[in-house]
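S.K.: From first to last, the protein sequence lines stand for chains R and E.
Just so we're aligned: 131 in our numbering is position 131 of the first sequence, and the numbers increase by one with no gaps anywhere.
In short: position in the second sequence from 1, add 232, done, that's our numbering.
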Amino acid sequence: MSASRGDVQTIVAARHLADAESVFIGVGRPSTAAILARAIINPDLVLVYESGTIGAKPTRIPLSIGDGELAATADFVVSVPEMFNYWIQPGRVDVAFLGAAQVDPRGALNSTVIGDYAAPKTRLPGAGGAPEIARGCRRVMVVAPHSKRTFVERLDFVTTPTAPVAVITDLGVLEPSQAHDGELVLTQVHPGVTADEAREATGWPLRVADDLRETSAPTDEELTALQELLSR
Amino acid sequence: MATKRAHSAQLLALSDAVASLVHDGDSVALEGFTHLIPFAAGHEVIRQGRRDLELIRMTPDLLYDQMVGMGCARKLVFSYAGNPGVGSLHRLRDAVEHGWPTPLEIEEHSHAGMANRYAAGASNLPFGLLRGYSGTDLVAHTNVKFVECPFTGEELAAVPALRPDVAIVHAQEADRRGNVQLWGIPGVQKEAVLAASRSLVTVERVVDELEPRAGGVIIPGWCVDAIAEAPRGAYPSYAHGLTERDNDFYKAWDKLSRDRDEFLSWMKEHVL
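1) Short of 7 Å in beta carbon distance, which residues of its chain neighbour residue 112(R), apart from the five on each side in sequence? Order them along the chain.
2) Leaving out five residues before and five after residue 145(R) in sequence, what residues of the same chain have Cβ atoms less than 7 Å from its Cβ?
3) Assuming residue 328(E) is part of the alpha helix (DSSP H), what are its boundary residues?
4) Got a sec: is the Cβ-Cβ distance from residue 230(R) to anything in chain E below 9 Å?
5) So which residues on chain E does residue 65(R) lean against when the C-beta distance must stay under 7 Å?
6) Which bits of chain R does residue 456(E) rub up against, with CB to CB less than 8 Å?
7) Output the distance between the C-alpha atoms of residue 447(E) and residue 88(R), rounded to the nearest integer angstrom.
8) Among 18(R), 64(R) and 213(R), which one has its Cα closest to the Cα of residue 43(R)?
9) Mind reading off the beta-carbon distance from residue 260(E) to residue 440(E)? Whole number of angstroms is fine, and I expect it under 8 Å.
10) Starting from residue 107(R), find everything on chain E with Cβ-Cβ shorter than 7 Å and list it in chain order.
11) Name the one or two DSSP bridge partners that residue 115(R) has.
12) I'd like to know whether the C-beta of residue 38(R) is nearer than 9 Å to at least one C-beta of chain A.
13) Name, in chain order, the residues that DSSP records as bridge partners for residue 247(E).
14) Using CA atoms only, rank isn't needed, just tell me which of 190(R), 52(R) and 184(R) is closest to residue 417(E).
15) Residues of chain R with a CB under 8 Å from the CB of residue 290(E): which are they?
16) How would you list, in chain order, the residues of chain E whose beta-carbon sits under 8 Å from the beta-carbon of residue 27(R)?
17) List the whole-angstrom C-beta distance separating residue 45(R) from residue 22(R), where the pair is believed to meet the contact cut-off of C-beta under 8 Å.
18) With residue 393(E) and residue 359(E) assumed to form a contact (beta carbons below 8 Å), what rounded beta-carbon distance in angstroms separates them?
19) Just checking: is the beta-carbon of residue 83(R) within a distance shorter than 9 Å of some beta-carbon in chain E?
20) Just how far apart, CA to CA, sit residue 271(E) and residue 62(R)?
21) Look up residue 290(E) in the DSSP assignment and say whether it is helix, strand or coil.
22) With 9 Å as the limit, tell me which residues of the stretch 406-418 of chain E have their beta carbon closer than that to any beta carbon of chain R; keep them in chain order.
23) Output the boundary residues of the beta strand (DSSP E) element that contains residue 231(R).
24) Is it true that the CB of residue 29(R) sits closer than 9 Å to the CB of residue 6(R)?
25) Rounded to whole angstroms, what's the CA-CA distance from residue 117(R) to residue 310(E)? Just pull it up for me.
26) By the criterion of Cβ-Cβ separation under 8 Å, what are the contact partners of residue 53(R) in chain E?
27) Reducing DSSP to helix, strand and coil, say where residue 211(R) ends up.
28) The beta strand (DSSP E) with residue 310(E) in it runs from where to where?
29) Count the other CB atoms, across all protein chains shown, that sit within 10 Å of the CB of residue 233(E); report buried if there are 16 or more and exposed otherwise.
30) By the DSSP assignment, the beta strand (DSSP E) with residue 97(R) in it spans what residues?
31) Within 9 Å of any Cβ in chain R, is that where the Cβ of residue 447(E) sits?
32) What would DSSP say about residue 15(R), mapped onto helix, strand or coil?
33) What's the gap between the Cα of residue 287(E) and the Cα of residue 48(R)?
34) State yes or no: is the beta carbon of residue 489(E) nearer than 9 Å to at least one beta carbon in chain R?
35) Hey, how far is the Cα of residue 463(E) from the Cα of residue 75(R)?
36) Could you pull the start and end residues of the alpha helix (DSSP H) that residue 302(E) belongs to?
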């Protein structure tokens with residue numbers, strides 16, 4: 001079975017949730033990865049969506065964080081103030097899975113604006129829940145496409161100051177290095193990807209770990225489950 | 233603050249309710265977090281030609297894309313302005329990036345900030361309190377200050393209470409005395425209604441008696457000014473248990489809202 005780089009990214013993101021108690025997710029690839037993790041890796045994983053659905057058990061990939069299936073299958077549903085004040089802020093959710101338009105060398109995120117704030121080149125959706133989710137959850141993981149547009153030396157706008165434990169891209173995995181003051185270092189490349197390719201797709205001189213690992217290839221079980229999920 | 237309300241909500245036609253409650257220049261919050269978005273009421277505001285509104289909403293969604301694109305708004309207060317799972321809100325971006333059809337002032341927060349602003353408004357407190365905003369560039373561009381906890385000395389973010397002139401929300405049902413019940417994702421609707429000076433609730437149906445529902449949120453008729461029946465009034469959003477979210481429409485909007493003329497002709501055909 002062959003997997004696209006996007007599929008590998010989703011599967012690697014799902015594997016990162018193997019020991020997670022709960023995960024806070026938005027829509028898109030992070031959500032797909034979390035649903036996949038619950039399906040084949042971690043059946044007890046509690047999926048938390050910012051719409052207020054806690055313990056949602058979607059069988060299909062929701063288009064929005066407020067799709068009816070999430071509310072219908074949740075353990076319970078709470079209001080937005082309760083979600084942020086009782087569940088996020090006190091640190092009751094384990095992992096935050098976040099995406100962003102820009103990621104800097106320490107993993108801070110921009111989802112607000114490209115260019116100048118007052119005269120933007122591209123106006124992005126804005127903060128949403130990200131700043132407080134990143135601050136409240138115990139661990140932050142970022143899922144983002146690996147390109148120079150995304151991985152930039154300096155953010156145009158700091159939406160979410162955070163220090164992720166892992167940044168999972170379609171080329172590999174970046175992790176903070178204590179030896180380099182928390183800078184993200186390439187620690188893992190997906191099958192068929194070289195460190196040079198990842199370096200070229202990064203907007204700063206990307207350091208590569210001495211013990212660079214190769215992602216173990218997606219198993220048939222992982223791929224079948226993902227393709228089933230995507231086709232529903 | 234909401235002190236002078238009628239003793240029970242009036243049951244009105246949607247057009248009469250909007251005409252009596254929403255005026256040019258008002259600050260108006262139409263809430264509904266992905267679920268129960270009051271599209272029918274927003275479309276009525278557009279048809280009545282309201283201008284210079286300060287539109288408040290956590291997730292502007294397609295409804296505010298339409299209201300901004302039709303020139304209703306002077307200012308937008310929000311925390312996430314996207315078409316969820318699809319991409320950008322093109323009319324809103326056009327207003328922010330190019331001032332079309334009119335320039336749009338923006339005030340943006342995080343979701344936690346907005347939620348606490350509504351909760352403070354509903355509580356009749358001057359501000360909401362949270363751990364947040366610090367270290368973000370939002371601090372330089374929005375309305376937030378930092379205060380010290382009088383007990384521990386911890387620095388906390390303070391956000392001003394939201395007190396909209398009008399709140400408009402959609403719910404599944406109301407009884408004839410104007411008591412409202414909604415269920416499914418409750419969002420921030422109760423807080424928005426309680427924070428606002430005036431309020432309108434559109435409902436899928438008016439019933440003789442509200443039947444208790446699991447997870448049901450009640451807003452009593454003595455906290456609401458007007459109820460208007462608007463069946464399918466959340467479309468293309470949905471009313472849990474009664475209607476389905478039209479995800480295909482959300483995707484289609486991405487294309488038909490990109491071009492100004494195509495947008496205007498769609499609005500003429502389907503809303504005006």
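Quick reminder that beta carbons are idealized off the backbone N, C-alpha and C, glycines included.
M.R.: Let's see:
1) 124, 126, 127, 157 and 159
2) 169 and 170
3) 322-330
4) no
5) 266 and 316
6) Here the premise fails: no neighbours, minimum Cβ distance about 18 Å.
7) 21 Å
8) 18(R)
9) 31 Å between Cβ atoms; not a contact.
10) Those do not exist, as residue 107(R) stays about 13 Å from chain E at its closest Cβ, beyond 7 Å.
11) 120(R)
12) This model lacks chain A altogether, as its protein chains are R and E.
13) Note: residue 247(E) sits in no beta bridge, so no partner.
14) 52(R)
15) 80
16) 316 and 317
17) 7 Å
18) 6 Å
19) yes
20) 21 Å
21) coil
22) 415, 416, 417 and 418
23) No beta strand (DSSP E) contains residue 231(R), which is instead part of the alpha helix (DSSP H) from 220-231.
24) yes
25) 16 Å
26) 417
27) strand
28) 305-310
29) With a pLDDT of 45 at residue 233(E), under the threshold of 50, the modelled position of this residue cannot be trusted, and the question is left open.
30) 95-98
31) yes
32) helix
33) 29 Å
34) no
35) 29 Å
36) Segment: none, residue 302(E) is in no alpha helix (DSSP H) and carries neither H nor E.
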